[in-house]
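**Student:** Following this message is one structure expressed as structure tokens.
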Amino acid sequence: MRKTFVVLIAVALVGSAVMLAVGPRLAGAQGGGTVEVEVKYNGAPVVEKLKVNKDVEKCGSETTIDKVVVGGNKGLANAVASVPGAKGGKAVKGMIDQHGCKFQPHVVLMTPGEIEIKNSDDILHNIHTYSTANPAINKAQPKFKKTMTEKFEKPEMIKVTCDVHSWMLGWVAVTPGPAAITDNNGVAKIENVPAGKQKIEVWHETLGKQEKEVDVKAGQTTKVSFEMKGK
Amino acid sequence: MVRLGVCASFAASLSLAAGSQAAFAQGDANAGKAVYELKCAGCHGVKGDGKGPAAELLVPAPRDFVSGIYKIRTSANKTPSDQDLFRIISEGMPGTSMPPWSVLPEKDRWNVVAYIKSFGGDKLKEPAKKLELPKEVGSSEASIKRGKEMYEAIECHKCHGTDGRADGPSRSELKDEWGHPVAPANLTKRWTFRGGHSRTDIATRIANGVLGTPMPAFLDAVEKPEDIWHLTNFIVSLGPDSPQNATLVTVTAMTEAIPDDPNADLWKKIAPNNIPLMGQVIVDPRNFNPVIDLVSVRAVYNDKEIAFHLTWDDPTESKGDGKATFPDAISLQFPPQITAGTERPYFLMGDGSDAVYLLRWEQGKGVMEISASGPTKLAPIKGGEANGKVVYANGQYRLVMKRPLAAQGTDRPTFRPAVFTPIAFQAWDGGAGETGTKMSLTSWYYSRLEEPKSSRKFVIPPVVALLTLAAMVLIVRAARSRATNT
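Protein chains in written order, with the numbering used here: chain A, 226 to 456; chain B, 166 to 651.
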């Protein structure tokens, strides 16, 4: 009797250890839900076009600064939808590439921790961040430095520029909980959101922030829509 | 026992020295406030936000201490060391409006350090971490060569230009943390480096970047750590340590013909007279932030002509669009007639009662002779005989302006050897919007044409010596004969 009890405990311990290790993956199945966020914008897109005066072979002779990208059905792209109240969840490493003298993607999502910064252009770029919660960095990344790793430990929306090519603009969204970025139709699917009442926050680099509360049900998809206003 | 005593007193003296330094280094922010409000607030603002009453005229703008962003650091993190702040206060920042405050007692300066740090609050709560530079590499031909390769490989020229004259293609796009346009350093003028120009200063700036500006940190971005020093050695090789300003413009006598070409070999053999220029701030519109701060003058003459070879840095070659930009230009100014005495026309391009004579070059118009009776009252002189040639490359103009030595009329001077001739300079960077009274200029200087080269200097002194000897002999003889007579 006593033996079986010990075995049972051992099995429980191992089981919970396994659960802990693969926990985040199972979180959705274990009571998390999906929130489908739709973000609309009624205004006009803001995409500045400009002529390039250097590195034309890498950057092209014309480029754009994508400040407000509006896709099909008035959907707002590049907005970050997150659940500020939910902590933990899957760790996401950031990854940004400087390609064609643009930051790709325009908005990078990551959980606090490391970000890999690539330079696939074979010319000098510099990673210049405008952060306050995290240490601001301005580091050169010449052609032979293909990748570098930086740490952003604090939740923050970080603007990234390159002073060599002043049109280059990107954002790193450091969010501790589940989050997603809207696609060209203005839709973002946040997975593994804990069930219950949750605040959903939508942030856009020029249009600001909005919040709404939704009731998340385990294993189901909850829809919520936002309409951002021009400033 | 004795040894112990010596040890104890040594330790005591050590701790005393360390103690006094620590006392200074900590500074008293309250005591610093009084000094700050008297000496610093005019530019940096009472709140330390860089918005003092004088701020809007200053480029670069005064530091905003509230941001906690400091350009010149020897620390690897955002927080500068107290010594970094103390040094800038004591030595000032060359090329900016920040003067050295070494006139203040050392204690006051440490107190100001403590006070300005308090503006940054939490932003400076992390203590300064010392930046470790790679092992120093001395300068050598090989090191300079490697530095040049690295300069090209890591593309310093994007901002600083091919020859380091701050004329790179990204120049016009550069902005600081506050969105103000900011110019890259001219690497050929080390004396204008904001954080000093010792080799360690330069290596630190390359490794660490300049916070709040587009200059990034290169410590992890060079191929090998010691490349920081090769780059330093290359930058040091780009120009002299100081501007070596001239006090007199010497015009060298020569017998050969004078070449028009600004790149001709002759000009390399003649020592430059470096003349510093200032912004014109007497009449509106004023030029508080002039671009052209130095003109190198090489001047020669022969029996027919006089020629001035001018070299100056200008990051943009501008013909002007007439709205935001204007043609680049430069003028040499002389009195219309060279007279004995110290009377000279008003230095700021003459006035209604006394005109000046200008030998002026303007982009698109070439070299002209002009009579000016004020900074905007220019009239070309009829029958002008001046000519010249200009070249522009990698952020630098080189210009030859030539004219016959002798001139007719009362509005043009004739140049004569061994006569001190007043001369003044004006320059315009049209690409930066300089035109009319918005210029760089000097007050009156003197130029002097050397005596013509002749063999007389080898003949006259020996003749004088011989005559003197003869006179002495005569006097001695006369004295002797008088002595024997009595």
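For every residue, glycine included, the Cβ atom is placed at its ideal position computed from N, Cα and C. Bear in mind the structure is a predicted one, so any value in this text is a computation, not a measurement.
Taking Cβ to Cβ, would you say Glu-320 (chain B) is nearer than 8 Å to Ser-391 (chain A)?
**Tutor:** For the purposes of this step, residue 320 (chain B) is taken as the residue at position 155 of the second sequence. For the purposes of this step, residue 391 (chain A) is taken as the residue at position 166 of the first sequence. No, Cβ-Cβ distance for Glu-320 (chain B) and Ser-391 (chain A) is not below 8 Å.
**Student:** Quick one: list the residues of chain B neighbouring Phe-369 (chain A), beta-carbon separation under 8 Å, in chain order.
**Tutor:** As a position in the first sequence, residue 369 (chain A) is number 144, starting the count at 1. Chain B residues near Phe-369 (chain A): Ala-318 and Glu-388.
**Student:** Can you tell me whether Ala-188 (chain B) is buried or exposed? The criterion is at least 16 other CB atoms within 10 Å of its CB, across all chains shown.
**Tutor:** Stepping through the second sequence from its first residue, residue 188 (chain B) is reached at position 23. Because the pLDDT at Ala-188 (chain B) is just 44, under 50, the model does not fix this residue reliably, and the value given afterwards should be weighed accordingly. Looking at its Cβ environment, which holds fewer than 16 other Cβ atoms inside 10 Å, Ala-188 (chain B) is exposed.
**Student:** From the beta carbon of Pro-334 (chain B), is the nearest beta carbon of chain A less than 8 Å away?
**Tutor:** Here the question's residue 334 (chain B) lines up with position 169 in the second sequence. So, interface residue.
**Student:** Within the same chain, show all residues whose beta-carbon is closer than 7 Å to that of Ala-571 (chain B), passing over the 5 residues directly before and after it, in chain order.
**Tutor:** Here residue 571 (chain B) refers to the residue found at position 406 of the second sequence. Counting only Cβ-Cβ distances below 7 Å, and skipping sequence neighbours, we find Thr-579.
**Student:** Using a Cβ cut-off of 8 Å (strictly closer), state whether Ala-188 (chain B) contacts chain A.
**Tutor:** The residue you call residue 188 (chain B) lines up with position 23 of the second sequence. Reliability of the predicted coordinates at Ala-188 (chain B) is poor, the pLDDT of 44 falling under 50, and the value obtained from them is presented with this limitation in mind. No, no contact with chain A.
**Student:** Is Leu-334 (chain A) near the ligand ADP, going by C-beta to nearest heavy atom under 7 Å?
**Tutor:** Ligands in the displayed structure: none, and consequently the ligand ADP is not present.
**Student:** Where does Ala-361 (chain A) sit, in a helix, a strand or coil, going by DSSP?
**Tutor:** Here residue 361 (chain A) corresponds to residue number 136 of the first sequence, with the count starting at 1. The answer is coil: DSSP assigns Ala-361 (chain A) none of H, G, I, E or B.
**Student:** Compute the distance between the beta-carbons of Ala-306 (chain A) and Pro-419 (chain A), then report whether it is under 8 Å.
**Tutor:** Within the first sequence, residue 306 (chain A) is the residue found at index 81, counting from 1. Within the first sequence, residue 419 (chain A) is the residue found at index 194, counting from 1. No, the pair does not count as a contact, with Cβ atoms beyond the cut-off.
**Student:** Determine which residues share a DSSP beta bridge with Glu-381 (chain A) and list them.
**Tutor:** The sequence position of residue 381 (chain A) within the first sequence is 156, counting from 1. Looking at the DSSP assignment, Glu-381 (chain A) forms a beta bridge with A:Val-399.
**Student:** Which residue spans inside the stretch 255-308 of chain A form an unbroken alpha helix (DSSP H) run of at least 4?
**Tutor:** Entirely contained in the stretch 255-308 of chain A, the alpha helix (DSSP H) runs reaching 4 residues are, in chain order, 281-284.
**Student:** Identify the continuous alpha helix (DSSP H) that holds Glu-271 (chain B) and give its terminal residues.
**Tutor:** The sequence position of residue 271 (chain B) within the second sequence is 106, counting from 1. That run of the alpha helix (DSSP H) goes 271-285.
**Student:** Mind listing the chain A neighbours of Leu-339 (chain B)? Cutoff is C-beta to C-beta under 8 Å, in chain order.
**Tutor:** Taking the second sequence and counting its residues from 1, the one referred to as residue 339 (chain B) is at position 174. Those are Asp-388 and Ser-391, listed as they occur along chain A.
**Student:** Distance cutoff 8 Å, beta carbons only. Does Asp-214 (chain B) sit that close to anything in chain A?
**Tutor:** For the purposes of this step, residue 214 (chain B) is identified with residue 49 of the second sequence, where counting begins at 1. False, the Cβ-Cβ gap to chain A never drops below 8 Å.
**Student:** Flag Lys-554 (chain B) as yes if its beta-carbon sits less than 8 Å from any beta-carbon of chain A, otherwise no.
**Tutor:** By 1-based counting over the second sequence, the position of residue 554 (chain B) is 389. No, its Cβ sits nowhere closer than 8 Å to a Cβ of chain A.
**Student:** Establish whether the CB of Asn-278 (chain A) and some CB of chain B are separated by less than 8 Å.
**Tutor:** For this step, residue 278 (chain A) is matched to residue 53 along the first sequence. Yes - at least one Cβ of chain B is within 8 Å of the one on Asn-278 (chain A).
**Student:** From Phe-451 (chain A) to Gln-435 (chain A), what distance separates their C-alpha atoms?
**Tutor:** Counting from one through the first sequence, the residue named residue 451 (chain A) turns up at place 226. Counting from one through the first sequence, the residue named residue 435 (chain A) turns up at place 210. If you take the alpha carbons of Phe-451 (chain A) and Gln-435 (chain A), they lie about 8 Å apart.
**Student:** If you pair each beta-carbon of the stretch 440-452 of chain B with each one of the stretch 589-603 of chain B, do three or more pairs fall below 8 Å?
**Tutor:** These segments touch.
**Student:** Identify which residue in B:Arg-252, B:Ala-318, B:Trp-266 and B:Asp-247 has its Cα closest to the Cα of Leu-289 (chain B).
**Tutor:** Residue numbering aside, residue 289 (chain B) sits at position 124 when the second sequence is read from its first letter. The shortest C-alpha separation from Leu-289 (chain B) is found at B:Asp-247.
**Student:** Compute the distance between the beta-carbons of Asn-344 (chain A) and Asn-363 (chain A), then report whether it is under 8 Å.
**Tutor:** One-based indexing of the first sequence puts residue 344 (chain A) at position 119. One-based indexing of the first sequence puts residue 363 (chain A) at position 138. No, the Cβ-Cβ distance between Asn-344 (chain A) and Asn-363 (chain A) is not below 8 Å.
**Student:** For the stretch 374-386 of chain B and the stretch 409-422 of chain B, state whether three or more C-beta atom pairs, one from each stretch, are separated by less than 8 Å.
**Tutor:** Judged by Cβ distances under 8 Å, the stretch 374-386 of chain B makes no contact with the stretch 409-422 of chain B, as fewer than three pairs qualify.
**Student:** Just to make sure I have the definition right: I need the residues of chain A whose C-beta is within less than 7 Å of the C-beta of Phe-383 (chain B). Which are they?
**Tutor:** One-based indexing of the second sequence puts residue 383 (chain B) at position 218. Within 7 Å Cβ-Cβ: Ala-365.
**Student:** Run the CB neighbour count on Phe-623 (chain B), radius 10 Å, all protein chains shown included, and call it buried at 16 or more, exposed below.
**Tutor:** Along the second sequence, one-based indexing puts residue 623 (chain B) at 458. So Phe-623 (chain B) counts as exposed.
**Student:** In its own chain, which residues sit with a C-beta less than 6 Å from the C-beta of Val-167 (chain B), not counting the 5 before and 5 after it?
**Tutor:** Along the second sequence, read from residue 1 onward, the residue named residue 167 (chain B) stands at position 2. With a pLDDT of only 44 at Val-167 (chain B), under 50, the local geometry of the prediction cannot be trusted, and no value is derived from it.
**Student:** Provide the residue span of the alpha helix (DSSP H) that contains Asn-439 (chain B), from first to last.
**Tutor:** Taking the first residue of the second sequence as 1, we reach residue 439 (chain B) at position 274. Premise fails: Asn-439 (chain B) lies in the beta strand (DSSP E), 438-441, not in any alpha helix (DSSP H).
**Student:** Out of A:Glu-378, A:Asp-346 and A:Ala-365, which has the shortest C-alpha to C-alpha gap to Asn-359 (chain A)?
**Tutor:** As a position in the first sequence, residue 359 (chain A) is number 134, starting the count at 1. The residue with the shortest Cα to Cα distance from Asn-359 (chain A) is A:Glu-378.
**Student:** Kindly indicate if chain B contains any beta-carbon less than 8 Å away from that of Leu-349 (chain A).
**Tutor:** If you number the first sequence from 1, residue 349 (chain A) lands on position 124. At least one chain B Cβ lies under 8 Å of Leu-349 (chain A).
**Student:** Pull up the distance between the alpha-carbon of Val-638 (chain B) and that of Leu-631 (chain B), whole angstroms please.
**Tutor:** Stepping through the second sequence from its first residue, residue 638 (chain B) is reached at position 473. Stepping through the second sequence from its first residue, residue 631 (chain B) is reached at position 466. Val-638 (chain B) and Leu-631 (chain B): Cα-Cα distance of roughly 11 Å.
**Student:** Identify each residue in the stretch 469-486 of chain B for which the Cβ-Cβ distance to at least one residue of chain A is less than 7 Å, and report them in chain order.
**Tutor:** Cβ contacts with chain A come from no residue of the stretch 469-486 of chain B.
**Student:** Please list the terminal residues of the continuous alpha helix (DSSP H) segment that includes Arg-364 (chain B).
**Tutor:** Here the question's residue 364 (chain B) lines up with position 199 in the second sequence. Element bounds for Arg-364 (chain B): 364-373.
**Student:** Determine the DSSP secondary structure at Pro-419 (chain A), reduced to helix, strand or coil.
**Tutor:** If you number the first sequence from 1, residue 419 (chain A) lands on position 194. Three-state result, Pro-419 (chain A): strand.
**Student:** List, in chain order, every chain B residue whose beta-carbon is nearer than 9 Å to that of His-353 (chain A).
**Tutor:** Taking the first residue of the first sequence as position 1, residue 353 (chain A) is located at position 128. Simply Pro-379 and Pro-381.
**Student:** Determine, for Lys-323 (chain B), whether the minimum Cβ-Cβ distance to residues of chain A falls below 8 Å.
**Tutor:** To locate residue 323 (chain B), count along the second sequence from 1; it is residue 158. So yes, Lys-323 (chain B) belongs to the interface.
**Student:** In terms of residues, what are the limits of the beta strand (DSSP E) holding His-350 (chain A)?
**Tutor:** For the purposes of this step, residue 350 (chain A) is taken as residue 125 along the first sequence, with counting starting at 1. Run containing His-350 (chain A): 350-355, per the beta strand (DSSP E) assignment.
**Student:** Whole-angstrom Cβ separation of Arg-525 (chain B) and Met-533 (chain B), contact assumed at under 8 Å?
**Tutor:** Position 360 of the second sequence, counted from the start, is the residue given in the question as residue 525 (chain B). Position 368 of the second sequence, counted from the start, is the residue given in the question as residue 533 (chain B). Their Cβ separation, rounded to whole angstroms, is 5 Å, which keeps Arg-525 (chain B) and Met-533 (chain B) in contact under 8 Å.
**Student:** Please tell me whether Gly-374 (chain B) has its Cβ less than 8 Å away from any Cβ of chain A.
**Tutor:** Translated into the one-based positions of the second sequence, residue 374 (chain B) becomes position 209. Chain A, which has a Cβ nearer than 8 Å to the Cβ of Gly-374 (chain B), makes this yes.
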